[in-house]
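>
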Amino acid sequence: MPNSSAQIVQWKGYYPDRSVKEVWRGSDNRSRMTACMLRRLYEYFAYPPDSGYITWCPKDRTEQAYHIQIESVQVGGQDIVSFDWVALYQGDVIPFEVVFQFRIIGEA
0 MPNSSAQIVQ WKGYYPDRSV KEVWRGSDNR SRMTACMLRR LYEYFAYPPD SGYITWCPKD
60 RTEQAYHIQI ESVQVGGQDI VSFDWVALYQ GDVIPFEVVF QFRIIGEA
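Just so you know, the sequence shown maps onto residues 0 to 107 in numbering that gives the first Met the number 0.
In structure tokens, the structure reads:
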């Protein structure tokens with residue numbers, strides 16, 4: 000996830016039943032996310048594990064790990080399911096803003 004140089008908000012823990020958003024903005028025309036990372040997020044979103052959650056470790060904010068359920072992934076303002084993956088063949092860095100929204104189920 001984002002490194003400490005890109006951190007905007009200090010992590011003060013989580014509140015139950017509230018969504019969390021991770022946003023990769025980068026510059027005006029490039030996200031800080033690689034195509035490989037975006038494909039990973041898509042796989043987690045499209046094929047959730049049988050347990051119903053994945054483990055998220057926001058190491059730039061805390062040492063605590065969390066169980067999360069992904070609610071949505073958007074690329075350039077559109078849902079990742081309808082994203083044109085051909086756009087990624089132009090390079091390794093995503094040229095769009097990426098928004099990853101999830102709900103924390105509990106601590107891991």
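Glycine residues also receive a C-beta, built at the ideal position from the N, C-alpha and C atoms.
Considering only the beta carbon of each residue, do Ile79 and Tyr46 sit closer than 9 Å?
Going by C-beta atoms, Ile79 is not nearer than 9 Å to Tyr46.
> Which same chain residues end up closer than 6 Å to Val74 when comparing Cβ atoms and leaving out the 5 residues on each side of it in sequence?
Answer for Val74: Phe82, Phe95, Val97, listed in chain order.
> At which residues does the alpha helix (DSSP H) containing Phe44 begin and terminate?
Looking at the DSSP string, the run of the alpha helix (DSSP H) that includes Phe44 is 34–45.
> Could you give the distance in angstroms between the alpha-carbon of Phe44 and the alpha-carbon of Gln100?
Using only the alpha carbons, I get a separation of about 10 Å.
> Determine which residues share a DSSP beta bridge with Tyr65 and list them.
In the DSSP output, where bridge partners are listed per residue, Tyr65 has Trp55, Glu106.
> Compare the beta carbon distance of Tyr65 and Tyr13 with 9 Å and say whether it is the shorter of the two.
Closer than 9 Å, so yes.
> Would you mind giving the Cβ-Cβ distance between Gln63 and Arg102, rounded to the nearest angstrom? I have them listed as a contact below 8 Å.
Between Arg102 and Gln63 the Cβ distance is about 16 Å, and since that is not below 8 Å, they are no contact.
> In the DSSP assignment, find the unbroken beta strand (DSSP E) run with Glu96 in it and report its ends.
Neither: Glu96 is in no beta strand (DSSP E) and is coded neither H nor E.
> Going by DSSP, which residues form a beta bridge with Lys20?
DSSP output for Lys20 lists Gln100 as bridge partner(s).
> By DSSP, does Ser81 sit in helix, in strand, or in coil?
Three-state DSSP puts Ser81 in a helix.
> Confirm, please, whether the CB-CB distance from Arg31 to Arg24 is below 9 Å.
Going by C-beta atoms, Arg24 is nearer than 9 Å to Arg31.
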